[in-house]
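Numbering (our numbering), first residue to last: 113 to 659.
Encoded structure:
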């Protein structure tokens, strides 16, 4: 449920507010933002960055003799970031080997068939794909996988897409928009300030937590459920409590209204992968010419001339170029004997993933498909941030599975016997969906991402003050070379969703940074050969043959 419906409602509220009071900035600013949204990328563009552009050169056949033998490239981490880095390099004609500590590939992208109900597939980690997730959608198409369009259910079934269970009743969507409008108007005005003068206002907002921000504007929160709703959003979006999240993470997810118009948000979660999202990394790994070395846990990396010496639990290797595609908790356990900027080391040490888990419950049929229910999911103040039908991509099945999505401190309430916790969550939901209890199959499962030392939780988040502190270590894509950023130090590049400016927390961020890290390595090789370079490209050249 992360990254979706609540921010769409806030979008509606911002648009409503703009129609009622107008945009106070219209007299000064007449041009709309590129996408109508104060996005992560637009924030960084506003900050007057002048980072060095990723330079890609054309390696001609004359240059190839200088690459004999070919460079040794190691990619550490077999999640989607590392796999896509190796896949991109392979398409460029460069050979890389992926080393993965786990006995399987995919990282936090895992699916299981028959976990709760025979024949049904559940995503243990990442699940949804947005319509603007171009890297991931391109991979899905290239790998020959099929998508399920979630709009098909809302078009064919006469039931709400999303339900809202707060304060003991089911809220109507129009109620929420009305209640959110005063606060949404304030957030819209603050977003305009960021666009007008980022360097002045961003530090002020980044220093605030979301809880601080809501306290500051308490007079614009009329109904108690408004705050509950926003706190549930932060738990779901980032896996933390409101006091642990930078206020920027609330503000930049909203549209920037210009001339009383607000463009729809693209965080629509339209697609699921048929057969489970786990098919993406599995199929991608199968495309690599060099098999992934599973069970290889990196213990240390040390600079050795212009290259590196890597020590694993299964032996040591030398590499000319390295891409580290590990989550921060795993990266913290590696002895990094390489020169890195102090702030990058602090980024690795201080920024952890949020705390999110899923609890799955099986049902003999799908009683949520009703006027008081939903076709997609629900938000609540019932001890879980949200829930959704995890089997909606398999409408041909009569049985179903609900995912109860937990974030932040909600994880503490879900500890203990998984069946007991599952029954409790169903009991809390029964007043809103009375047929739920009778359909319960009493089969449950729960994820444990936060207890895995390699993952430590769900996906990335920034606490108060952290966004601006670490913004220089996020990949930024732009048509303007002066606005581009890459995360590489010499022959060492980094990848992972935590390094994406616009897509951190998403599978697309992992795929994107893997592609860009591969481009950084390609550029370093070109630079070493003295090849004339040109400005960075969004997508690297598609072919390169090495001797």
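Glycine included, C-beta positions come from ideal geometry on N, C-alpha and C. Predicted model only: the values in this text are computed from it and were never measured.
| Chain-order list of residues whose beta-carbon lies under 7 Å from that of residue 496 (same chain, five-residue window excluded) | Hits under 7 Å: 516, 517, 518, 522 and 537.
| task | Ignoring anything shorter than 3 residues or poking outside the segment 229-271, list the beta strand (DSSP E) runs there in chain order. | result | Every beta strand (DSSP E) stretch that sits fully inside the segment 229-271 and reaches 3 residues is listed by chain position as 233-235 and 259-261.
| field | Selected residue, minimal CA-CA separation from residue 388, among 294, 232 and 331 | value | Looking from the CA of residue 388, the closest CA among 294, 232 and 331 belongs to 232.
| said: Tell me the rounded alpha-carbon separation between residue 630 and residue 234. | reply: Distance between the alpha carbons of residue 630 and residue 234: 31 Å.
| residue 513 versus 236, 201, 213 and 203, residue with shortest Cα-Cα distance | Across the set 236, 201, 213 and 203, the C-alpha of 236 shows the shortest separation from the C-alpha of residue 513.
| field | Coil, strand or helix - residue 433 by DSSP | value | In this structure, residue 433 counts as strand in the three-state DSSP scheme.
| query | When the distance is taken between beta carbons, is residue 226 closer than 8 Å to residue 210? | reply | 8 Å or more divides the Cβ of residue 210 from the Cβ of residue 226.
| message | Can you list, in chain order, the residues of its chain with a C-beta nearer than 6 Å to that of residue 360? Leave out the 5 residues immediately preceding and following it. | response | Closer than 6 Å at Cβ, skipping near neighbours: 317, 318 and 579.
| said: In the DSSP output, what is residue 587 paired with across the bridge? | reply: BP columns for residue 587 point to 612.
| request: Starting from the Cα of residue 402, find the closest Cα among 627, 212, 621 and 619 and give me that residue. | output: Taking each of 627, 212, 621 and 619 in turn and checking the Cα distance to residue 402, the smallest one comes out for 212.
| message | Do residue 243 and residue 380 count as a contact pair if the criterion is CB distance below 8 Å? | response | Their beta carbons are under 8 Å apart, which means residue 380 touches residue 243 by this criterion.
| Are there 16 or more other CB atoms within 10 angstroms of the CB of residue 451, so buried, or fewer, so exposed? | Counting Cβ neighbours within 10 Å, residue 451 comes out exposed, since fewer than 16 surround it.
| message | Could you tell me the alpha carbon to alpha carbon distance between residue 477 and residue 531, rounded to whole angstroms? | response | The alpha-carbon atoms of residue 477 and residue 531 are separated by roughly 19 Å.
| said: Give me, in chain order, the residues of the same chain whose beta-carbon lies closer than 7 Å to that of residue 461; leave out the 5 immediate sequence neighbours on both sides. | reply: Excluding sequence neighbours, residue 461 sits near 444.
| request: Give the DSSP-derived three-state secondary structure of residue 224 in the structure shown. | output: Look at residue 224 here: in three-state DSSP terms it is strand.
| task | Go to residue 277, then tell me how far its beta strand (DSSP E) extends in each direction, as first and last residue. | result | Residue 277 -> beta strand (DSSP E) spans 274-278.
| Sorted by chain position, which residues of the same chain lie with C-beta nearer than 6 Å to residue 384's C-beta, five sequence neighbours on each side aside? | The residues 260 and 505, in chain order, have a CB closer than 6 Å to that of residue 384 in the same chain once the five nearest residues on each side in sequence are set aside.
| If you follow the beta strand (DSSP E) that residue 385 is part of, which residue opens it and which one closes it? | Looking at the DSSP string, the run of the beta strand (DSSP E) that includes residue 385 is 383-385.
| query | Do you know offhand how far residue 482's Cα is from residue 500's? | reply | Cα to Cα, residue 482 sits roughly 14 Å from residue 500.
| Quick one: what does DSSP say residue 413 is sitting in, helix, strand or coil? | Note: residue 413 maps to strand in three-state DSSP.
| query | Where does residue 141 sit, in a helix, a strand or coil, going by DSSP? | reply | In this prediction, residue 141 has a pLDDT of 28, which is less than 50 and means its spatial position is unreliable; what the coordinates show is noted afterwards. Note: residue 141 maps to coil in three-state DSSP.
| message | So residue 599 and residue 587 are supposed to be a Cβ contact under 8 Å. How far apart are they, rounded? | response | 6 Å between Cβ atoms; contact.
| request: Counting only the same chain and skipping the five closest in sequence on each side, list residues whose C-beta sits under 6 Å from that of residue 190. | output: Counting only Cβ-Cβ distances below 6 Å, and skipping sequence neighbours, we find 210, 212, 217 and 404.
| query | In or out: residue 330 buried (at least 16 other Cβ within 10 Å) or exposed? | reply | By the 10 Å Cβ count, residue 330 comes out exposed.
| message | Assuming the contact rule is C-beta atoms closer than 8 Å, residue 201 and residue 623 should be a hit. Round their C-beta distance to whole Å, please. | response | Actually they are not in contact, since the Cβ atoms of residue 201 and residue 623 sit about 14 Å apart, beyond 8 Å.
| CA-CA distance, residue 240 and residue 265? | About 15 Å.
| residue 212, DSSP secondary structure in three states | In the structure shown, residue 212 adopts extended strand secondary structure according to DSSP, grouped into three states.
| request: Tell me where the beta strand (DSSP E) around residue 188 begins and ends. | output: Its beta strand (DSSP E) spans residues 185-188.
| request: Grab me the residues of residue 642's own chain with a C-beta within less than 7 Å of its C-beta, minus the 5 sequence neighbours each way, in chain order. | output: Nothing listed; no residue qualifies.
| request: Less than 8 Å between the CB atoms is what I'm expecting for residue 299 and residue 392, so what's the real figure, rounded? | output: Between residue 299 and residue 392 the beta-carbon gap is near 34 Å, outside 8 Å, which marks them as no contact.
| Between the C-alpha atoms of residue 84 and residue 294, what's the straight-line distance to the nearest angstrom? | The structure shown does not extend to residue 84, since the chain is modelled only from 113 to 659, so the question has no answer here.
| Could you check where the alpha helix (DSSP H) with residue 532 kicks off and where it finishes? | 530-541 is the span of the alpha helix (DSSP H), which, as asked, contains residue 532.
| said: Let me confirm a value: residue 411 is counted as buried when at least 16 other C-beta atoms fall within 10 Å, else exposed. Which label applies? | reply: Exposed is the label assigned to residue 411, since fewer than 16 other Cβ atoms lie within 10 Å of its Cβ.
| query | For the putative contact between residue 572 and residue 463, defined by C-beta atoms under 8 Å, what is the C-beta separation to the nearest angstrom? | reply | The beta-carbon separation of residue 572 and residue 463, rounded to 7 Å, stays under the 8 Å limit for a contact.
| request: Could you tell me which of 289, 333, 257 and 439 sits nearest to residue 612, measuring between CA atoms? | output: Per the Cα distances, 439.
| Roughly how many angstroms separate the alpha carbons of residue 484 and residue 353, rounded to a whole number? | The C-alpha of residue 484 lies about 29 Å from the C-alpha of residue 353.
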